[in-house]
Amino acid sequence: MPASCDFTLRPLWAPTPPSVHADSAAHRQRWQRRTWQLHQSVLWSHLYAFLLLVGYSWAGYAPGVAVACYGAWIAAGMGFVTWAYASGWCHTQRDPGLFVVHQVVSILGVLGLLVAAPQVAFQALVMLIAFSADGFLARSRTSFAVTWVLTLAAAGSAIVWMGPQMRMPTATLAGQLLTVGVLLGAVARCIALVTFFRGMQYRLGKALAQIENLVRCDDLTGIANRRGVMEALQRHQAQARHSGQPLCVALLDVDYFKRINDLHGHDSGDRVLRTLGALLAAHTRVGDSVGRYGGEEFLLVLPGTTAAQAQGVLEQLRQRVESTDWAGIFPGATGVTITLGAAACHPDEPVESAIRRADVALYEGKAAGRNRVVMAPPRRPQAAQEKR
1 MPASCDFTLR PLWAPTPPSV HADSAAHRQR WQRRTWQLHQ SVLWSHLYAF
51 LLLVGYSWAG YAPGVAVACY GAWIAAGMGF VTWAYASGWC HTQRDPGLFV
101 VHQVVSILGV LGLLVAAPQV AFQALVMLIA FSADGFLARS RTSFAVTWVL
151 TLAAAGSAIV WMGPQMRMPT ATLAGQLLTV GVLLGAVARC IALVTFFRGM
201 QYRLGKALAQ IENLVRCDDL TGIANRRGVM EALQRHQAQA RHSGQPLCVA
251 LLDVDYFKRI NDLHGHDSGD RVLRTLGALL AAHTRVGDSV GRYGGEEFLL
301 VLPGTTAAQA QGVLEQLRQR VESTDWAGIF PGATGVTITL GAAACHPDEP
351 VESAIRRADV ALYEGKAAGR NRVVMAPPRR PQAAQEKR
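Sequential numbering of the sequence shown, starting at 1, is according to the UniProt record's numbering.
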């Protein structure tokens, strides 16, 4: 169901603070698993890039010393990050995901390679863009902007400084294959990030759907709560107004519910409500809506149903509740009955007015002896009321 909710977006590299009802240990484990997945993807990207550089060095395009220094720098930086994750030291920092460290190690390493080995400038620039794409995981918009501004400024400065010496090594078959490998690596890195974001989007969608369900679901009975069934009523009324189809509402109340609580305990009362919720969910018609309206009262919405048809539908429901084996549901039960008051909604009538008329009919049924269905008289047209 649609709803207007404000969900604060939080950085992916930092753990979201658990709610007061959340299991903090389980939350920490989920965050650590997600962070390790990201870190492993970064490690594989660095390893792939280093192997390509080794290939360039073997083919004579890059100095072996520059490649070795790049490998040592990346190994030291990623080794530190791995240690920080494994030891838990990262949780003592303001940036527990160590996003800034990842970016500094990656970007400085690539810029150093660009200066030390301009012969493989194409490889270095593609690596720079691929690793800078992790900026989308920044803790804030400021971090994201700073990452890209500094990266582009540094890359631009290196291009201006080293421009005449920069090359795209494609003179030989080895260089051509390695260059294709560079492009494939960049594409793979982008695919990995997109896959990660899609997974996050899917999980977020499921979580929001669960929240939407919890907001509109009654915990005790498992059917809609007051908010959920009222939204359904408003939706059905709008459809009835558009199509001209009839619409009825009914209020259901458990007879002598207070006596059940007093004699058998509130646990027995809860069992009655749960059983009644299950009966309503199982035996209302397709298209009907039902929800707990409050206490021991339930609201039923019957679209496409005239007053005469509603009388029959509700009477069948009353009989089904009365014939239920309540003794098997809570000890000492001698039977549970319900009283229902129903009203046919006028197309221009506010839903609250229709519910009030159903409520009046319900209390007429209570006064007449309970365990019955009472239909409210048709609503008089507004013009007739004004003449009076």
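Backbone N, C-alpha and C fix where the C-beta goes; we use that ideal spot for every residue, glycine too.
Leaving out the 5 sequence neighbours to the left and right, which residues in its chain are closer than 6 Å to residue i when beta-carbon positions are compared?
{"i": "C5", "result": "Residue placement at C5 cannot be trusted, given a pLDDT of 39 that sits under 50; what the coordinates show is reported in the next sentence. Nothing meets the Cβ criterion."}
{"i": "Q123", "result": "V182"}
{"i": "C90", "result": "A84, P96, L98"}
{"i": "M200", "result": "none"}
{"i": "L233", "result": "V301, V351"}
{"i": "T284", "result": "V290"}
{"i": "G304", "result": "Q245"}
{"i": "K366", "result": "T339"}
{"i": "A368", "result": "none"}
{"i": "E364", "result": "V374"}
{"i": "Q165", "result": "P118"}
Check this for me: beta carbons of residue i and residue j, under 7 Å apart or not?
{"i": "G55", "j": "L184", "result": "no"}
{"i": "A238", "j": "L247", "result": "no"}
{"i": "T151", "j": "I191", "result": "no"}
{"i": "L340", "j": "L314", "result": "yes"}
{"i": "L362", "j": "D253", "result": "yes"}
{"i": "residue 390", "j": "G277", "result": "Past the edges of the chain, shown from 1 to 388, lies residue 390, and the structure says nothing about it."}
{"i": "R198", "j": "R216", "result": "no"}
{"i": "R271", "j": "F330", "result": "yes"}
{"i": "A342", "j": "A207", "result": "no"}
{"i": "L53", "j": "V42", "result": "no"}
{"i": "G335", "j": "W326", "result": "yes"}
{"i": "F257", "j": "E297", "result": "no"}
{"i": "I223", "j": "A281", "result": "yes"}
Which residue marks the beginning of the alpha helix (DSSP H) containing residue i, and which one marks its end?
{"i": "F257", "result": "257-264"}
{"i": "I223", "result": "Counting along the chain, I223 falls outside any alpha helix (DSSP H), and DSSP gives it neither H nor E."}
{"i": "Y202", "result": "173-215"}
For residue i, which option in the options has the closest C-alpha, if you only look at C-alpha atoms?
{"i": "D288", "options": "L128, K258, H236, T92", "result": "H236"}
{"i": "A354", "options": "G335, P331, R380", "result": "R380"}
{"i": "G71", "options": "A368, A86, V105", "result": "V105"}
{"i": "T172", "options": "G60, L251, A307, G328", "result": "G60"}
{"i": "V229", "options": "V126, V301, F196", "result": "V301"}
{"i": "N225", "options": "F330, D267, G291", "result": "G291"}
{"i": "R189", "options": "M127, V110, A327", "result": "M127"}
{"i": "E131", "options": "H102, A154, L273", "result": "The question names Glu, yet the displayed sequence has Phe at residue 131. For the residues H102, A154, L273, the minimum Cα distance to F131 belongs to H102."}
{"i": "A158", "options": "T142, L111, L51", "result": "L111"}
{"i": "S143", "options": "A207, V100, P169", "result": "V100"}
{"i": "H39", "options": "A376, L193, Q316, E349", "result": "L193"}
{"i": "M375", "options": "A310, S87, L280", "result": "A310"}
{"i": "P377", "options": "A154, A308, Q210", "result": "A308"}
{"i": "H46", "options": "A282, G156, R30, G79", "result": "G79"}
{"i": "L279", "options": "Q316, T306, S268, R356", "result": "Q316"}
{"i": "T82", "options": "W58, V65, T35, T92", "result": "T35"}
{"i": "G328", "options": "S268, S243, A282, V286", "result": "S268"}
{"i": "S243", "options": "A186, P347, Y48, G312", "result": "P347"}
{"i": "W58", "options": "N213, R320, P169", "result": "P169"}
If I measure Cβ to Cβ from residue i and keep anything under 8 Å in the same chain, skipping five residues before and after, which residues do I get?
{"i": "M162", "result": "L114, V115, P118, A121"}
{"i": "N371", "result": "D255, R318, E322, T337, I338, T339"}
{"i": "G109", "result": "Y70, W73, I74, G77"}
{"i": "A133", "result": "R189, C190, L193"}
{"i": "A154", "result": "I107, L111"}
{"i": "L263", "result": "G332"}
{"i": "A22", "result": "Residue placement at A22 cannot be trusted, given a pLDDT of 46 that sits under 50; the coordinates are not used to answer."}
Got a sec? Which residues, its chain only, sit under 7 Å from residue i by beta carbon, not counting five neighbours each side?
{"i": "R274", "result": "L220, T221"}
{"i": "A384", "result": "Because A384 carries a pLDDT of 44, less than 50, the predicted location of this residue cannot be relied on, and the following value inherits that uncertainty. Around A384: no qualifying Cβ."}
{"i": "G294", "result": "R226"}
{"i": "A62", "result": "L53, Y56, A117, Q119, V120"}
{"i": "R167", "result": "P118, Q119, A121"}
{"i": "I260", "result": "S268, G269, V272"}
Self-check item: alpha helix (DSSP H) segments (min. 4 residues) lying fully within the stretch 85-169
Solution: 99-116, 121-132, 141-162
Quiz prompt | 4-residue-minimum alpha helix (DSSP H) runs that sit fully inside the UniProt domain "GGDEF" (245-378), ordered along the chain | solution = 257-264, 266-283, 307-322, 351-367
Self-check item: Ordered list of alpha helix (DSSP H) runs contained in the stretch 53-84, each at least 4 residues
Solution: none
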